[in-house]
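Input: a single structure, listed below in structure tokens.
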Amino acid sequence: MSDENLSGDVYYPSFDFLGEPHVRERRRLTEEAEADYEEFWARHARELHWFAPWDKVLDDSAAPFYQWFTGGKTNIVYNCVDRHVLTARRNKLALIWEGEDGEFRSFSYFALKREVCKFANILKSLGVGKGDRVTLYMGRIPELVLGMLACARIGAIHSVVYGGFSVEALHERLEDSQSKVLIVADGAWQRGKIVPLKDIADEALQRAATVQSVLVVRRTGQEVNMEQGRDLWYHDLMLLPIASSSCSLEIVDAEDPLFMLYTSGTTGKPKAILHTHGGYMVGTYTTLKYVFDIQEQDRYWCAADPGWITGHSYIVYGPLLNGATSFMYEGAPTYPYPNRWWQMIERYGINILYTAPTAIRGLMRFGDAWAERHDLSTLRLLGSVGEPINPEAWKWYHRVIGGNRCPIMDTWWQTETGMFLITPLPCDPLKPGSGGLPFPGLHMDIVNEQGESVGTDEEGYLVIRNPWPAMLRTIYKDPERYVQQYWSRFPGMYMTGDSARRDADGYYWVIGRVDDVIKVSGYRLGTAEIESALVSHPAVSEAAAIGLPHEVKGNAIHAFVILKTGVQWHEHLEDELKRHVSHEMGPIAKPEKIDFVDALPKTRSGKIMRRVLRARALGEDPGNLATLEE
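One point on numbering: in our numbering, the residue at position 600 of the sequence shown is 600, and numbering is uninterrupted.
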């Protein structure tokens, strides 16, 4: 396959703009990984510090409970912080933070180590040691990053719960993790209002017997309840002698647990995905280095939340492992005005922006002018994560935000995978809406019901045929569920739960969750494709599609649409949109009904909760709404 002969809508990279990326040709990296997969990962592991070498790169003797770098001794925090302090990066900014209220804070690598050590010593004074679980429940503030690193430094396992989850969701995760300590902020700023985190935590703690101490971080300054003997102010403890700036590092085994992170599943009990120090470290370091071409001078902004895997891997660990400067913003992208993001990119000279299609479409809704009033010329790479991005939003992102020059890294991966699995590299030709190719060495495939590879442009189940370093090791305390959930459907293959197709050039197009595929008259239609067709209409800002029972077709398409600002509804608009979808996708995809709404139910990570829409339409109980954004 020649890059010059790719099919479809293709955007080719400009090396005049890119300069000298880490990889100028994907083929070289792929050939290296294919020639010796284990050595490929070992080579990148050797770029990091190990206190003792590994005995074996990959141990598959107990598959699917794979282990990586077995026998190796390390600590991810040493590689994120300590080793940089010993170099010229000592005074380089590691973290830049802006609050929604305009507050600004920054940390050099030297300052980051000092604050992490002080935090770790406070945790040790509360009896936290290796293997203990610590839950963190905060907004996007520096103390969340410091707390994660402090836990990892002393070998404790952190469990971050997204700040704003309900009482029940927090209680469920505290109980399941059997956390010894809860770190919580008094509140969080969101769209100019305070989210009462401490109040929510107090209610959750009434039923969480294992929590012995609560460390409270002051952010909003409102009055909160402090239970004597249990609750302690973080800032007060930081002034005491116990908060020494020197804290010994716990040297851990590569397979020692680093963190657990709960997935926001649509049904059933949330799964505690367990990741470990060694393999996760190597995977996040390597993928960020190549996919976002991290250079020494870059200021990198991942606009996710550390409460999700994207924030873990690519706000905290990946950037720090690469010695980068990571930017973090506390609040909403449109507060107080729709130019807040573009203002900060201009102010701080951000070079890389990595965000979700939901955010892109939300900002696109306000038009071009808010972005065009700012100088965004420092940007050199853009990224997308969380769900398939429709080509219209991709093109707007590329044209308006990237100035028709910035390649867009549309990444596919999961909480479970820990790192990018399907992704372009900056040197790759790009197809709007496609995640591109598997990361070098990864054997992705698309299979049918029988587990057989499907043909070109045929839809099927997205699977992974070989292990990778940052993969989950198990579901915490539930290894049987781990095997059942991910490895039983197609023996020897990891079941992602997503459907996808692969085009003639080998590019992958992720359609959506398997349960988000609508079968109409025997035809499989992805909700993402229908939604993309709706959003391509000039009147539509956002859309969601579900399947509802139909006596003839089996299922009929029911769509929900948010109109762009300034667009007025009229009585013929529904028919117009139906015709548009029919034109874009064929008559089979024409929606049966379209409802015009002001908002869509979404998880706090920005994913549309189609099951909630389905339940509402059918007059049924929507089930667990703990992950619903308010």
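For each residue, glycine too, the CB sits at the ideal point set by N, CA and C.
Neighbourhood of residue 125 by C-beta, 7 Å cutoff - its chain only, sequence neighbours within 5 removed: For residue 125, where only same-chain residues beyond five positions count, the Cβ hits under 7 Å are 242.
Nearest-angstrom beta carbon gap, residue 46 and residue 305 [assumed within contact, 8 Å]: The pair is not a contact, with the Cβ atoms about 32 Å apart (cut-off 8 Å).
Residues of its chain near residue 318, where Cβ-Cβ distance is below 6 Å and the 5 sequence neighbours each way are ignored: If we look at residue 318 and ignore the five residues flanking it on each side, its Cβ neighbours are 284, 288.
Span separating the alpha-carbon of residue 26 from that of residue 380: So the alpha carbons of these two residues sit roughly 19 Å apart.
Beta strand (DSSP E) segment containing residue 190, residue limits: Annotation: the continuous beta strand (DSSP E) that includes residue 190 extends over 188-190.
N-terminal and C-terminal residue of the alpha helix (DSSP H) that residue 397 is part of: Premise fails: residue 397 is in no alpha helix (DSSP H) and is neither H nor E.
Completely contained beta strand (DSSP E) runs for the segment 72-132, where each covers 3 or more residues: 93-98, 104-108
Distance between residue 204 and residue 265 (C-alpha atoms, nearest Å): Note on residue 265: pLDDT 46, under 50, position unreliable in the model; the coordinate value appears next. Cα to Cα, the separation comes out at about 20 Å.
Residue closest to residue 493, alpha-carbon to alpha-carbon, out of 206, 451, 153: 451
Distance between residue 431 and residue 11 (C-alpha atoms, nearest Å): Looking at the two C-alpha atoms, the distance is approximately 6 Å.
Simplified DSSP assignment, three categories, for residue 65: Shown here, residue 65 sits in coil according to DSSP, grouped into three states, outside any helix or strand.
Per DSSP, cross-strand counterpart(s) of residue 462: 446
Assigned secondary structure, residue 345 (DSSP; H/G/I helix, E/B strand, else coil): helix
C-alpha gap between residue 2 and residue 420, whole angstroms: For residue 2, the pLDDT reaches just 49, beneath the cut-off of 50, and the residue's location in the model is therefore unreliable, leaving the point undetermined.
DSSP three-state assignment for residue 477, whether helix, strand or coil: coil
Limits of the unbroken beta strand (DSSP E) element including residue 518: 517-520
Alpha-carbon spacing of residue 34 relative to residue 469, whole angstroms: Each residue's CA atom was taken as its position, placing residue 34 and residue 469 some 15 Å apart.
Simplified DSSP state of residue 409, which is helix, strand or coil: strand
Buried or exposed (CB count within 10 angstroms, at least 16 for buried), residue 519: exposed
Under 7 Å between C-beta atoms of residue 128 and residue 181: yes
Where residue 596 sits in the DSSP three-state scheme: strand
With 16 other Cβ atoms within 10 Å as the buried cut-off, status of residue 458: Residue 458 comes out exposed.
Residue 588 in three-state terms, based on DSSP: helix
Own chain residues within Cβ distance below 7 Å of residue 541, not counting five before or after: 361, 365, 562, 563, 564
Inside the segment 324-393 only - beta strand (DSSP E) runs reaching at least 3 residues: 325-329, 352-355, 381-384
Burial state of residue 267, where buried means 16 or more other Cβ atoms lie within 10 Å: Here the model assigns residue 267 a pLDDT of 44, short of 50, so the residue's position is not dependable, and the following value carries that caveat. The residue is exposed, with fewer than 16 neighbouring Cβ atoms inside 10 Å.
Beta-carbon separation (whole angstroms), residue 210 vs residue 178, contact threshold 8 Å: 5 Å
Residue 310 vs residue 400 beta-carbon contact at 7 Å: no
Proximal residues to residue 40 (C-beta, below 7 Å), its chain only, five neighbours per side dropped: Contacts found: 32, 33, 441.
Straight-line Cα distance separating residue 230 from residue 202: Between residue 202 and residue 230, the C-alpha separation is close to 11 Å.
Assigned exposure category for residue 618 - 16 Cβ within 10 Å defines buried: exposed
According to DSSP, residues forming a beta bridge with residue 262: Residue pairing for residue 262: DSSP places it in a beta bridge opposite 272.
Within 7 Å, strictly: CB atoms of residue 281 and residue 118: Their beta carbons are not under 7 Å apart, which means residue 281 does not touch residue 118 by this criterion.
Own chain, CB closer than 6 Å to residue 631, minus 5 neighbours either side, in chain order: Since the first and last residues shown for the chain are 1 and 630, residue 631 lies out of range.
In DSSP terms, what residue 135 is bridged to: 159, 182
Close-in-space but distant-in-sequence residues of the same chain around residue 67 (CB under 6 Å, 5 per side omitted): 59, 255
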